[in-house]
Every structure is written in structure tokens, then in C-alpha cells.
Amino acid sequence: MSQQKAVHEILLRSYPKIIFLWPTLLCSFSIWIIGMIMSMVSPTGELDPTVSVILAWIWVIIFASNLFVMAFDFQSTKFFVLILAIVAVALILVIVYLMGGFEGLGGAQLPSFNISMSVEFYFATTILIFVILGIIWLSRRVDYYRIERNEIYHRNGFLGKAERIPTSSLTFEKEIPDVFEYILLRAGSITIHPSRGKTINLTTVPNIKKIEKNLDQLLSRITVEVDDTDKTPV
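Note that this note's numbering numbers the sequence shown so that position 48 is 580, with each residue one more than the last.
Below is the structure:
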């Protein structure tokens with residue numbers, strides 16, 4: 533049986549909630565590529581109006597879902613399933629309506645609501661979100677906590693302060709406050725209680741369960757080493 537690899541240090545980085553816009557980034561990039569290809573093969577050299585509206589609705593729904601994730605905490609799995617069902621039904625109804633599925637049903641016709649957007653819009657959105665997320669990623673390379681066997685090292689900024697905190701009697705708490713955040717980035721919150729200094733509260737930490745597992749392993753090694761030291765005869 534293979535032995536578990538020892539953990540010598542753990543990096544903790546907390547991100548702002550705007551990182552959950554990555555599905556909108558992926559959607560914008562995908563629709564931009566699709567729009568470019570369909571425009572190239574079209575006899576008119578332009579995207580079909582019906583297809584343009586469908587793509588726009590897909591983008592709006594994904595963007596709206598992203599905003600919900602960033603604005604609220606969805607702690608209930610049942611509520612999460614309900615939201616997904618509502619979004620799926622709404623998307624199906626919109627596509628069916630745009631394809632003329634409700635024609636001939638009688639009664640008043642639904643008013644047209646054209647939200648089609650140009651291919652350039654998706655390109656601009658892709659670049660904008662990519663640049664913002666890139667800046668956030670770079671900023672977190674110099675703003676982090678590194679937990680080692682004997683200390684917690686906090687780096688803040690290129691020329692910012694560096695702080696060292698001992699790890700003796702260190703405890704921590706892990707929490708997954710939002711189902712969506714965990715699904716999108718396996719993200720959660722972690723609170724660290726050092727024996728000296730202030731409590732460290734980090735929100736939106738990706739791969740939270742892996743970090744919890746590594747922290748358990750690292751802290752158990754520290755505890756064993758301290759116990760062995762205490763039992764050493766004088």
C-alpha cells in the first residue's frame with residue numbers, strides 16, 4: 533500500500549466573489565467563436581437573427597445565474613435544485629417561443645423582445661472579464677498565507693508587510709456556506725485560530741476540502757512532534 537505524501541506547507545489564498553464570473557467568461561468566448569464561424573459560412577456574411585437572439589438569451593441566463601451566485605448564499609441543496617429547474621424551464625420556453633412554438637395557440641400574441649447582440653459584444657466581454665480575472669490571479673500571487681510546521685507566514689503585496697505567526701496550538705474551522713461556490717470552484721471559507729495574534733478569516737478559498745485534509749495532516753504531525761518533545765527525558 534502506498535504511503536500518503538507528507539505535507540510540508542500549505543498555501544491559502546482568498547479570492548473576491550467576482551471570480552465566479554468564469555462561466556460567463558467561458559460562455560462569452562464560446563458564443564464569440566460560434567458567431568464568428570456561423571458568420572463566415574453564412575451567405576450574407578452575418579449571423580442569422582434568430583440564432584443571434586437564442587445565443588443572447590443563453591448568455592443573459594448564464595450571466596444572471598452568475599449574479600445570483602455572487603449576491604446570495606445558497607446553503608440548501610433543495611433550493612439549489614429548484615433554481616436549476618427554474619433556469620432550465622425558462623431557457624426551454626424562451627427557445628421554443630423564439631422558434632415559433634407558441635404560434636397558432638390562439639389568444640393574444642406575446643410581444644417581441646429582441647435582445648440580440650453582435651459578435652463583437654461577446655469578444656469585448658471575453659476580453660474584459662479575462663483581464664479582470666487575470667489581474668485578480670496575479671494579485672493573489674503576492675497576497676497569501678503559507679502555513680508551515682512551525683509558523684504561519686503572511687505575505688501582503690509586492691512591497692507590503694510580511695507577518696510570521698507561530699503554529700503552536702493552532703486550530704481551524706472549515707465551512708462551505710454556498711453550494712454554488714463549492715460546485716464552481718470547490719470553494720469554501722476557513723477560519724484559523726492561532727495561539728497568538730488575531731483570528732484569520734479567509735472566504736472563497738478554492739479546493740477547500742483538499743486544504744482541510746492537508747491541514748489535518750500537517751497539524752497532526754505538529755502535535756506528534758510536540759508530544760515527543762515533551763516526553764524526552766531531561
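Positions of the beta carbon are idealized from the N, C-alpha and C atoms, including for glycine.
Rounded to the nearest whole angstrom, the CA to CA distance from Phe704 to Leu670 is 27 angstroms. Between the alpha carbons of Pro738 and Lys693 lies a gap of roughly 24 angstroms.
For Ala617, the three-state secondary structure derived from DSSP is helix. Spanning the alpha carbons of Phe712 and Leu623 requires a straight line of approximately 19 angstroms.
For Lys706, the three-state secondary structure derived from DSSP is strand.
Ala617 and Ile563 have their C-alpha atoms spaced approximately 23 angstroms apart.
Counting every other CB atom within 10 Å of its CB across the protein chains shown gives Thr556 a total of 16 or more, marking it as buried.
When rounded, the separation of the alpha-carbon atoms in Thr723 and Ala656 is 38 angstroms. In the three-state scheme derived from DSSP, where H, G and I count as helix and E and B as strand, Ala694 is classed as strand. In the displayed model, Tyr547 falls within coil according to three-state DSSP, outside both helix and strand. Bridge partners of Ile684 according to DSSP: Ile679, Ile697. The Cβ atoms of Ala603 and Gln749 lie no closer than 9 angstroms to each other. Judged by their CB atoms, Ile732 and Tyr676 are not nearer to each other than the 9 angstroms cut-off. With 16 or more neighbouring CB atoms inside 10 Å of its own CB, Asp710 falls in the buried class. In summary, Val674 is exposed, with fewer than 16 beta-carbon neighbours lying within 10 Å of its beta-carbon over all protein chains present. Judged by beta-carbon spacing, Lys706 lies within the 9 angstroms limit of Glu744, meaning their Cβ atoms are closer than that value.
Tyr685 is a Cβ neighbour of Arg696, given a cutoff of 9 angstroms. Its chain contains Trp589 as the residues whose beta carbon lies nearer than 7 angstroms to that of Val626, once the 5 sequence neighbours on both sides are disregarded; these appear in chain order. Listed in chain order, the non-local C-beta contacts of Arg545 below 6 angstroms within the same chain comprise Arg672, Tyr676, local neighbours out to five positions each way being set aside. Ser648 is the residue among Ser648, Phe653, Ser752, Pro698 whose C-alpha sits nearest the C-alpha of Thr582.
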